[in-house]
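For the sequence shown, my numbering begins at 1372 and goes up steadily by one.
Beta carbons: idealized from backbone N, C-alpha and C, even for Gly.
Since the model is a prediction, treat every value here as computed from it, not as a measurement.
Everything below concerns the one structure shown next.
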Amino acid sequence: MIAAYFDEIIMFCAGLWMTSVGFDYLPYPGKPASRPPLLRHFKWMGPLLLAIAIVLAAAS
């Protein structure tokens, strides 16, 4: 049963991590000066990934 939702579980966990890093709840690993510019997009990409994972899990 859990194997059917494996992709959604990974997407959900990645979305949680991206949201947490984007809103500065968790620090990005590495030196603060070496933060890639992509991190500013984590504020909207993380919640979007969470929503996609939830929709796909509900659809399957």
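Please identify the residue among the options whose C-alpha is closest to the C-alpha of residue i.
i: P1408; options: S1431, G1393, F1383; result: G1393
i: P1414; options: L1387, D1378, Y1376; result: The question names Pro, yet the displayed sequence has Lys at residue 1414. Out of L1387, D1378, Y1376, L1387 has the C-alpha closest to the C-alpha of K1414.
Assuming residue i is part of the alpha helix (DSSP H), what are its boundary residues?
i: L1427; result: 1413–1430
i: I1380; result: 1377–1393
For my contact list, residue i and residue j are in at a C-beta cut-off of 8 Å; report their separation, rounded to the angstrom.
i: A1424; j: F1377; result: In fact, because the Cβ distance is near 11 Å, the residues do not count as touching under 8 Å.
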